[in-house]
Structures are given as C-alpha cells and as structure tokens.
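Reading through the structure tokens given below for one structure.
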Amino acid sequence: MNSGNNILVMCDAYTPAGNPIPTNKRYNAAKIFSNSKVVSEEPWYGIEEEYTLMQKGGPYYCGVGADKAIGRDIMDAHYKACLYAGIGISGVNGEVTLGQWEFQVGPVEGISTGDQVWVARYLLERITEISGVNFSFDPKPVPVSWNNGGLAVINNTIEKLQVKHKENIAAYGEGNERRLTGKRETTYINTFSWGVATRGASVRVGRDTEKEGKGYFEDRRPASNMDPYVVTSMIAETTILG
1 MNSGNNILVM CDAYTPAGNP IPTNKRYNAA KIFSNSKVVS EEPWYGIEEE
51 YTLMQKGGPY YCGVGADKAI GRDIMDAHYK ACLYAGIGIS GVNGEVTLGQ
101 WEFQVGPVEG ISTGDQVWVA RYLLERITEI SGVNFSFDPK PVPVSWNNGG
151 LAVINNTIEK LQVKHKENIA AYGEGNERRL TGKRETTYIN TFSWGVATRG
201 ASVRVGRDTE KEGKGYFEDR RPASNMDPYV VTSMIAETTI LG
C-alpha cells in the first residue's frame, strides 16, 4: 500500500462507556486466548481464505485475454502488500471457480491469527478498490453448481469438536447452509464426520499425521466469511477448556 514512513494500525472498538461494541469479537477472543490453560497449550492456526472477484455490475470479474488467469494481478498485488505489511502470508493459489482465489495466513499463534486475517482482508479490499473490482467472501457467491468458498481452520487436536458441532456450525459463517451440502468436496451441515485425506468430511486428518501419530488436522466447516476471532477462539475453548 503506502510505502515510506507509514504505519498500518488495526484497532478494536469500544463505546464511550468503555464497553466493546457488538461487532468487536476480538474482546471475548482475547479472554479465551489469555486463559492460562490456553496459553500453556500455545494453539497455532493456519487460515485458508477463499474469495471471488466480481465484476462491478456483473456476475464475476473477467480479465482481458484468453491466456490470462483471471485476477492473477490482484492476487499478486495482495500477496506483496501482505508481505510488506508484515502479515504471515504463507501462500496463494487459484481455485477452480472462475475468478476465485485463495491466500493462506499462518501458522500463527492465538489471537494474532484473527488480527492478521482481518488486516489481510482489509488489504484485499483496498487493492480491489484501486483495481475497480468487487470481491466477495460469500460461501456461495453465485447460485450455480460451482465450487464453494470454504475456509479451513487448522489446529493440532480433533477431539471434543463433535460434541459441539451444532454450536460451532452456528458460529462458522453466514450462509454456510448453502455451501455445506455434502456435494462438491463439502460435508453435510447437520452431520459431523472425520476421516484421513477425506475432503468431504467435517474434519480431515492428513496421511502424514495418521502415519506419524502427531501433526495437525483441518476443520473444513468454516465458511470464507467467518470471523477469525470467533472461530479460532471457539476451537481453543472447545478443545482446551472443554
């Protein structure tokens, strides 16, 4: 973004009375991540954020030229902006839907995960604004049979999640029922399942994790429009605090 002696600052907001505003989800997340039990476990997260570029006044963004990967210039600019801002962006890739891209943040510890994802989202909004393009984190931006925008939350434990499946789903993003249909590499929203290298499960365990008896798992239920403070703190609360 702005180079030179400029600083990008993210703040959480409070009322004049000193109370967190309703949309300040960082406040409660900070309470959970500051709990001594959570601190001792040092939970780390990796976030995969999918987004879809949308043409202003049209269904999706379409670049010029048959040989052009649609939106690659925006993806590259966003990646560089995140690096310059000190965001722990660890990768980018195109998705299967026209104009759909993904970036990864992490692994990052605790509350910093939400901080970095929100700043990365802000940078994406600024870059698409400059480019004259809209973007969407909606898990099903266009009502046709395309792949859906899922956001994977990766942590190092799998137990206890099934018990609070309904509670977790309720907090995992608006419109998720349009995405989690059990089709196109998604799980069914009302059923918890897990498996090794299974893309259609609620939680996927990697082959290396199964083989070595340690590692991470991937929670495939959160939608791409989820609040990272809510999801990461809920996983910590569910798996560590019980």
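Take the sequence shown: its letters are residues 1 to 242, numbered as in UniProt numbering. C-beta atoms are modelled at their ideal positions from N, C-alpha and C, and glycine is treated no differently. Values in this document were obtained by computation on a predicted structure and should not be read as measured data.
Q. Mind pulling the beta strand (DSSP E) runs of 3 or more residues that sit fully within the stretch 17-104?
A. 44-54, 89-94
(Q) Considering Cα atoms alone, identify which of A197, S233, E174, Q116 is closest to L8. (A) Stepping through the sequence shown from its first residue, residue 8 is reached at position 8. Comparing Cα-Cα distances from L8 to each of A197, S233, E174, Q116, the minimum goes to Q116.
Q. Buried or exposed: which applies to D208, given that a residue is buried once 16 or more other Cβ atoms fall within 10 Å of its Cβ?
A. To locate residue 208, count along the sequence shown from 1; it is residue 208. Answer is exposed; the Cβ neighbour count stays below 16.
Q) So what's N155 in DSSP terms, helix, strand or just coil? A) As a working note, residue 155 is residue 155 in the sequence shown. Unreliable positioning characterises N155 in this predicted model, as indicated by a pLDDT of 47, which lies under 50. The coordinate reading is nonetheless provided below. In the structure shown, N155 sits in a strand (DSSP, three-state: E or B).
Q: Report back the beta-carbon spacing between F137 and Y51 to the nearest angstrom; my notes put them in contact at under 8 Å.
A: Translated into the one-based positions of the sequence shown, residue 137 becomes position 137. Translated into the one-based positions of the sequence shown, residue 51 becomes position 51. Indeed, because the Cβ distance is near 6 Å, the residues count as touching under 8 Å.
Q. Three or more C-beta pairs closer than 8 Å, one from the stretch 25-37 and one from the stretch 210-224: is that the case here?
A. no
Q | Cα-Cα separation between E129 and I74, rounded to whole angstroms | A | Locating residue 129 in the sequence shown gives position 129, where the first residue counts as 1. Locating residue 74 in the sequence shown gives position 74, where the first residue counts as 1. Between E129 and I74, the C-alpha separation is close to 10 Å.
Q) Roughly how far, in whole angstroms, is the beta-carbon of Y45 from the beta-carbon of T232, given that I think they are within contact range, below 8 Å? A) Within the sequence shown, residue 45 is the residue found at index 45, counting from 1. Within the sequence shown, residue 232 is the residue found at index 232, counting from 1. Confirmed, Cβ separation roughly 5 Å.
Q.
Would G21 and A77 be called neighbours here (beta carbons separated by less than 8 Å)?
A. Stepping through the sequence shown from its first residue, residue 21 is reached at position 21. Stepping through the sequence shown from its first residue, residue 77 is reached at position 77. The sequence as given places Ile at residue 21; Gly does not occur at that position. No, the Cβ-Cβ distance between I21 and A77 is not below 8 Å.
**Q.** Integer-rounded CB distance, given that N176 should sit under 8 Å from P228
**A.** Working through the sequence shown from its first residue, we reach residue 228 at position 228. Working through the sequence shown from its first residue, we reach residue 176 at position 176. No, P228 and N176 are not in contact; Cβ-Cβ is about 15 Å, not under 8 Å.
Q | R179 classed as buried or exposed, judged by whether at least 16 other C-beta atoms fall within 10 angstroms | A | In the sequence shown, residue 179 corresponds to position 179, counting from 1. Answer is buried; the Cβ neighbour count reaches 16.
**Q.** Option in K183, Y216, L53, C82 with minimal Cα separation from E159
**A.** Position 159 of the sequence shown holds residue 159. Nearest option by C-alpha distance: Y216.
Q) If we ignore side chains and look at the alpha-carbon of each, how far apart do E212 and G200 end up? A) Along the sequence shown, one-based indexing puts residue 212 at 212. Along the sequence shown, one-based indexing puts residue 200 at 200. So the two alpha carbons sit approximately 23 Å from each other.
Q | Same chain, Cβ closer than 6 Å to Q104, neighbours up to 5 away in sequence not counted | A | As a working note, residue 104 is residue 104 in the sequence shown. Within the same chain, Q104 has close Cβ partners E48, S90, G91.
Q | For T181 and T198, the rounded distance between their alpha carbons | A | Locating residue 198 in the sequence shown gives position 198, counting from the first residue. Locating residue 181 in the sequence shown gives position 181, counting from the first residue. Going by the C-alpha atoms only, they are around 15 Å apart.
Q: For L83, I'd like the list of residues in its chain whose CB is within less than 7 Å of its CB, leaving aside the five on either flank, ordered along the chain.
A: Residue mapping note: residue 83 aligns to position 83 of the sequence shown, counting from 1. Within the same chain, L83 has close Cβ partners I89.
Q. Does the Cβ-Cβ distance between E109 and P43 come in under 8 Å?
A. The residue you call residue 109 lines up with position 109 of the sequence shown. The residue you call residue 43 lines up with position 43 of the sequence shown. Yes, Cβ-Cβ distance for E109 and P43 is below 8 Å.
Q: Helix, strand or coil for R178, going by three-state DSSP, please let me know.
A: Sequence index remark: in the sequence shown, residue 178 carries index 178 (1-based). Helix.
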